[in-house]
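Visitor: Following this message is one structure expressed as structure tokens.
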Amino acid sequence: MAGGATWAWNYKEGLSGIEKERLWELPQFRMVSAADGKPFGSEDLRGKVWVAGFIFTRCQGPCPVITANMARLQSELPDGARLVSFTVDPEWDDADVLRGYMEEFGADPSLWVFLTGDPKTLYDLLYRGFKLPVMKNPGMPGGFAVTHSSRLVLVDPDGVARATYEGTSPDSLKKIVRDARALLKEPRT
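The sequence shown begins at 39 in my numbering and counts up one residue at a time.
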């Protein structure tokens, strides 16, 4: 997992040349939406610009700040953009637990989806798909049960990661909105 930390630190912050930058294509995925308990995945996001974040509900580290920043983005992102929060603690964060977290942060399910699923599938997606580190911490209290990246990832309508941002920084929000607008104007391939 050490290599994942290297990837996370090498990302550029808020790319000004977003129109030309293509970081990597994300693999297909299918998880469970907390809003209705139904399957939700990459096909549901095809054709949309979206911002991915990685959290867990009992986190006592960066997750509440990341989620609060995403809540601010919910009202600032342009039409056609979505937010997607993936739990990194799927054994604890089932759909019911995540639904309560959604409500706590005022998430509008038509704009912001929270996803859970099989732990191995989720961790593979984070590590291999999003190229972000994630690691369980056995024996640690629940609020520190998982170590993970605080990066937000901007994904284009074709499922390609285009930029990453520090999810705990309010300064990232303007950059995300700017870059999401640029991607929405970009011709589709």
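Think of the CB as a built atom: it goes at the ideal place given N, C-alpha and C, for glycine as much as any other residue.
Can you check which of these residues, L136, T159 and K212, is closest to W150 by C-alpha distance?
Guide: Of L136, T159 and K212, the residue nearest in Cα terms is L136.
Visitor: Report the option in D217, G205 and P225 whose CA atom is closest to the CA atom of P102.
Guide: With distances taken between Cα atoms, P102 lies closest to G205.
Visitor: Beta-carbon within less than 7 Å of R219's beta-carbon, same chain only, minus the 5 sequence neighbours each way: which residues are those?
Guide: Cβ within range, chain order: P116.
Visitor: Once the 5 residues before and after K50 are set aside, which same chain residues still bring their CB inside 6 Å of it?
Guide: Confidence at K50 is low in this model, with a pLDDT of 47, below 50, so the placement of that residue should be treated as unreliable; the coordinate-derived value is given next. For K50, where only same-chain residues beyond five positions count, there are no Cβ hits under 6 Å.
Visitor: Within 10 Å of its beta-carbon, does R226 have 16 or more other beta-carbons around it, so buried, or fewer, so exposed?
Guide: By the 10 Å Cβ count, R226 comes out exposed.
Visitor: What three-state label does DSSP hand K223 in the structure shown?
Guide: K223: helix per DSSP, three-state reduction.
Visitor: What did DSSP end up calling S207 once you bin it into helix, strand or coil?
Guide: DSSP places S207 in coil when its eight states are reduced to three.
Visitor: Do the segment 99-113 and the segment 57-73 make contact, defined as three or more Cβ pairs closer than 8 Å?
Guide: Touching, no.
Visitor: Buried or exposed for T44, please, with buried defined as at least 16 other CB atoms from any protein chain shown within 10 angstroms of its CB.
Guide: Model confidence at T44 stands at a pLDDT of 35, short of 50, so the residue's coordinates are unreliable; what they give is reported in the following sentence. Answer is exposed; the Cβ neighbour count stays below 16.
Visitor: Please look up how many angstroms separate the CB atoms of Y139 and T95, rounded, as I've assumed it's under 8 Å.
Guide: So it is a contact: roughly 5 Å between Cβ atoms.
Visitor: Measure from the alpha carbon of T111 to the alpha carbon of each residue in K212, S188 and D82, then state which is nearest.
Guide: Residue identity differs from the one stated: residue 111 is Leu in this sequence, not Thr. It is K212.
Visitor: For R4, count the other beta carbons within 10 Å of its own beta carbon; 16 or more makes it buried, fewer makes it exposed. Which is it?
Guide: Past the edges of the chain, shown from 39 to 227, lies residue 4, and the structure says nothing about it.
Visitor: Is the Cβ-Cβ distance between T269 and P195 less than 9 Å?
Guide: Within the shown structure, residues of the chain are numbered from 39 to 227, placing residue 269 beyond reach of any answer.
Visitor: Among P100, S188 and V122, which residue has its Cα nearest to the Cα of D82?
Guide: Closest by alpha carbon: V122.
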